[in-house]
Amino acid sequence: MPASRTSVGVALSALLGLTLAGCGSNGQSGDTGGATSATSPGITGRATAPPSGTAAPRREQMRIQITINDQRFQATIFDSAAGRDLIAQLPLTVDMVDHGAVEKTGPLPAPLSLDGQPDGADPDVGDVGYYAPGNDLVLYYGDQSYYPGIVIIGRLDGDAAARIADLDGAVTATVEFRAG
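At position 148 of the sequence shown the residue is numbered 148 (the numbering used here), and the sequence of numbers has no breaks.
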């Protein structure tokens, strides 16, 4: 019976080896996907799953500073195709007009990607948006209902929306990338 024991031992060893190899692959193909965007400074690729019992890692935030007159406003731009396209255009100056007493809007030099975006949105006070049909950057300081062509690309910090609401008429905004 020694031959039988040897066969069982070899079979068990092979089975154990296959089981361990399957557990170690984690179902991944070897693509790390962590490349940094060449067109967008400070933007990193996808986040990986944390070990069990730890907090999820934060993605790099795309921060901008908007200067109107002598006032500075900070905002976070979401990690989306449109957000990355906006960051790639910075720094820029946008001549903005008041529209409907709820938003300041102004044309961007180039369109933003709409990949993965809905057909429209219902922005909140304090949202940073893109109005695709007009190729406009939009700073929402009032209540705008759902409208086709609106893409929410970010969020103003703190009391920025209220301060922008206090600015009468047309303004010139300087928009810059801000690390952090």
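Heads up, the beta-carbon is just placed ideally off N, CA and C, and yes, glycines get one too.
{"Check": "Short Cβ contact (9 angstroms threshold) for D136 with T93", "Outcome": "no"}
{"Check": "Local Cβ density within 10 Å of G158, reported as buried at 16 or more and exposed below that", "Outcome": "exposed"}
{"Check": "Whether A160 touches I66 by CB criterion (9 angstroms)", "Outcome": "yes"}
{"Check": "Proximity winner among R84, P148 and A165, relative to D115 (alpha-carbon distances)", "Outcome": "R84"}
{"Check": "Where the alpha helix (DSSP H) through A82 begins and ends", "Outcome": "A81 to Q89"}
{"Check": "The alpha helix (DSSP H) enclosing A160, as first and last residue numbers", "Outcome": "A160 to A165"}
{"Check": "DSSP state of A75 mapped onto helix, strand, coil", "Outcome": "strand"}
{"Check": "Beta carbon of Y141 nearer than 9 angstroms to that of G120", "Outcome": "no"}
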